[in-house]
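Reading through the C-alpha cells given below for one structure.
Written out as C-alpha cells, the structure reads:
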C-alpha cells in the first residue's frame, strides 16, 4: 500500500561500499523498506557504492521511474558515477544539487557515508531548524555508525549551542522500518526563528 505521507525520500550515503559488506546490506535493507511502502527514491546519482545499491534495489522493486538521481555535471562521467539508474537530473554544482533534492523529496535519510553525506544531511537539518522546510530529517544508525555524531549533538546542547527542541529534529534508529515509522509520526514544531521572534528563546542559543 502506498505511503500516505511520503511519496519520495532523499537518501544521502556513500559512493563507496565501505570496509565491510554491512554498509551495502544497509543500503539494500533501506531500499527494500522503501519498496515495501511504495516510496520513491531521490539520491545522488550513479550506480557505485552504497548509492548504487539502494538505487538498484528501489528500481528493481518499483521500476526505473521510481528513482531520481541528482548529480553535478562534473561528477557525471561514467568513470566517476558508474552510469545512471532511473531518471538523472544534471545540475551545475553541489549547492544546486542539495536544493533540487530538497525540492523533490518529502523527507531525508542519511545512511553511512563520508564528508559529503554529512554535509548534505546537516544542511537539511539546519534548514529544518530554521523553518525553511518542515520535512523529517533522520539518521539510519546502522551498526552504531552515527553514535559519535549523535553524541556530539548532545554535547552541543549541553554546551549551549543547540536548543533541545532542535536536537529532537534529528531522528535516529538502527532499523529502517522503525526509522520510517518515527519519521511518519513526527509533528512539525515551531522553528528556531519563530521562537526568537516570539521571545520564547534566549537569543544567545541560536544553534
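In this note's numbering, the protein residues as written are 1 to 207. For each residue, glycine too, the CB sits at the ideal point set by N, CA and C.
Residue i and residue j look like a contact to me (Cβ under 8 Å); what is the Cβ gap, rounded to whole Å?
{"i": "residue 163", "j": "residue 153", "result": "Not quite, the Cβ-Cβ distance comes to about 11 Å (not below 8 Å), so this is no contact."}
{"i": "residue 98", "j": "residue 120", "result": "6 Å"}
{"i": "residue 10", "j": "residue 101", "result": "5 Å"}
{"i": "residue 184", "j": "residue 5", "result": "6 Å"}
Cα separation between residue i and residue j?
{"i": "residue 71", "j": "residue 160", "result": "36 Å"}
{"i": "residue 39", "j": "residue 155", "result": "34 Å"}
{"i": "residue 96", "j": "residue 56", "result": "24 Å"}
{"i": "residue 127", "j": "residue 133", "result": "6 Å"}
{"i": "residue 178", "j": "residue 48", "result": "27 Å"}
{"i": "residue 43", "j": "residue 108", "result": "10 Å"}
{"i": "residue 16", "j": "residue 23", "result": "9 Å"}
{"i": "residue 158", "j": "residue 139", "result": "21 Å"}
{"i": "residue 104", "j": "residue 37", "result": "18 Å"}
{"i": "residue 151", "j": "residue 62", "result": "36 Å"}
{"i": "residue 115", "j": "residue 131", "result": "24 Å"}
{"i": "residue 34", "j": "residue 188", "result": "22 Å"}
{"i": "residue 118", "j": "residue 51", "result": "14 Å"}
{"i": "residue 143", "j": "residue 174", "result": "7 Å"}
So, are the CB atoms of residue i and residue j less than 8 Å apart?
{"i": "residue 31", "j": "residue 113", "result": "no"}
{"i": "residue 176", "j": "residue 53", "result": "no"}
{"i": "residue 186", "j": "residue 146", "result": "no"}
{"i": "residue 27", "j": "residue 111", "result": "yes"}
Less than 7 Å between C-beta atoms, sequence neighbours within five positions excluded: which residues of the same chain meet that for residue i?
{"i": "residue 45", "result": "69, 70, 71, 81, 84 and 88"}
{"i": "residue 124", "result": "102, 108 and 137"}
If you drop the 5 nearest sequence neighbours on each side, which residues of the same chain put their C-beta closer than 8 Å to that of residue i?
{"i": "residue 224", "result": "The requested residue 224 is not part of the displayed model; the chain covers only 1 to 207."}
{"i": "residue 90", "result": "71, 72, 73 and 76"}
In chain order, what residues of the same chain have a beta carbon less than 6 Å from the beta carbon of residue i, not counting five sequence neighbours either side?
{"i": "residue 67", "result": "41, 55, 58, 59, 85 and 86"}
Alpha helix (DSSP H) runs contained entirely in the stretch 44-70, provided each spans 4 or more residues: Counting only runs of 4 or more, we get 49-62.
In chain order, each beta strand (DSSP E) run of at least 3 residues that lies wholly inside the stretch 102-143: You should have 107-110 and 137-140.
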